[in-house]
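Peer 1:
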Amino acid sequence: MRHWATGVAVITTESPQGPHGMTVNSLLSVSLDPPTLLISLKRGSRTGGVIERTGRFTVNVLTAGQRALADRFTRRRVPGEGEFEGVRHRPSPDGGGPELDGSAVVLTCRMTQRMEVADHTLIVARATGVRVPPADGPRGPLLYAGRRYRSLAEPGAGPGPGAGLGPGLGPGSGLGLGPGLGPGSGPGETPEPSGPPPREG
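All residue numbers for the sequence shown refer to this note's numbering, where the first residue is 17 and numbers rise by one.
#1: Where DSSP assigns a beta bridge to residue 88, which residues make up the other side?
#2: Would you be able to state if there are at least three C-beta pairs under 8 Å between the stretch 106-114 and the stretch 65-76?
#3: Pick helix, strand or coil for residue 101, following the three-state DSSP scheme.
#4: Would you mind reading off the limits of the beta strand (DSSP E) that contains residue 40?
#5: What residue does the alpha helix (DSSP H) around residue 64 start on, and which one ends it?
#6: Specify the secondary structure class of residue 278 as computed by DSSP and reduced to three states.
#7: Do you know offhand how far residue 80's Cα is from residue 154's?
#8: List the whole-angstrom C-beta distance separating residue 140 from residue 128, where the pair is believed to meet the contact cut-off of C-beta under 8 Å.
#9: So with Cβ pairs under 7 Å, would you call residue 42 a contact of chain C?
#10: Spatial neighbours of residue 183 within its chain, please: C-beta separation below 6 Å, excluding the five flanking residues on both sides.
#11: Check the DSSP bridge columns for residue 106 and list the partner residues they point to.
#12: Jot down the residue ranges of each uninterrupted beta strand (DSSP E) in the stretch 113-151, minimum 3 residues, whole runs only, in chain order.
#13: Between which two residues does the beta strand (DSSP E) containing residue 161 stretch?
#14: Residue 26 lies in the beta strand (DSSP E); which residues open and close that run?
#15: Around the C-beta of residue 38, are 16 or more other C-beta atoms found within 10 angstroms, so that it is buried, or is it exposed?
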């Protein structure tokens, strides 16, 4: 699955011990009417346990300029406010987890179904709130493919390596199509990018 490019998001939740966040790339749009999505978490993960108990979480879809946040929330910490120290965020007005400033979009979600598949738990959720935070920079998405974080070229960036692969692909954005890409991630897996990988709880 190293040739499959995905977006990157930080899932946040609130527990009695405080807020908690984790980086994921196992996120799937299921339906637009009603707006429904799915996340895949490793069975027994702390994050999954909190979501199952509270039924609420927030999806912060990251931009290409938020690689540092993606790296930060791959590291396991004790849940609590210290986990978000120095990270600009605000409480969710809809009862989800913290909303991260500068995200491409923020979705507050309510769990509607859960199912066990192999060694993962699939959580289906309804999006109950949508917010587009003020932009800190370009809103191009942060991508993950070929064991690396990647990004799309911004309009007008000009040609570069990979430009012949199609419109909008800029320097370094082969998205798994070029040589030298090792085993990588698919939904629900734990890859090893140049930096800590998206994790599962």
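The C-beta atom is built at its ideal place from N, Cα and C for all residues, glycine as well. Predicted, not measured: the structure shown is a model, and the values here were computed from it.
Peer 2: On the basis of the coordinates in this document:
#1: BP columns for residue 88 are empty, so no partner.
#2: Flag = yes, the stretch 65-76 and the stretch 106-114 touch.
#3: When DSSP states are grouped into helix, strand and coil, residue 101 belongs to the coil group.
#4: Judged by DSSP secondary structure, residue 40 falls within the beta strand (DSSP E) whose first and last residues are 34-40.
#5: Per DSSP, the unbroken alpha helix (DSSP H) holding residue 64 starts and ends at 62-70.
#6: The shown model of the chain, from 17 to 217, leaves out residue 278, and the question about it has no answer.
#7: Taking the straight line from one Cα to the other gives about 8 Å.
#8: Indeed they touch by this definition, with Cβ atoms about 5 Å apart.
#9: Looking for chain C here will not work: only one protein chain is present.
#10: Only weak support is given to the placement of residue 183: the predicted model assigns it a pLDDT of 36, under 50, and the question is left unresolved by the model.
#11: As computed with DSSP, residue 106 is found in a beta bridge with 115.
#12: Runs of the beta strand (DSSP E) inside the stretch 113-151: 121-133 and 136-147.
#13: Segment 158-161, the beta strand (DSSP E) holding residue 161.
#14: The continuous beta strand (DSSP E) containing residue 26 extends over residues 25-31.
#15: By the neighbour-count criterion, in which 16 or more other beta carbons inside 10 Å mark a residue as buried, residue 38 falls on the buried side.
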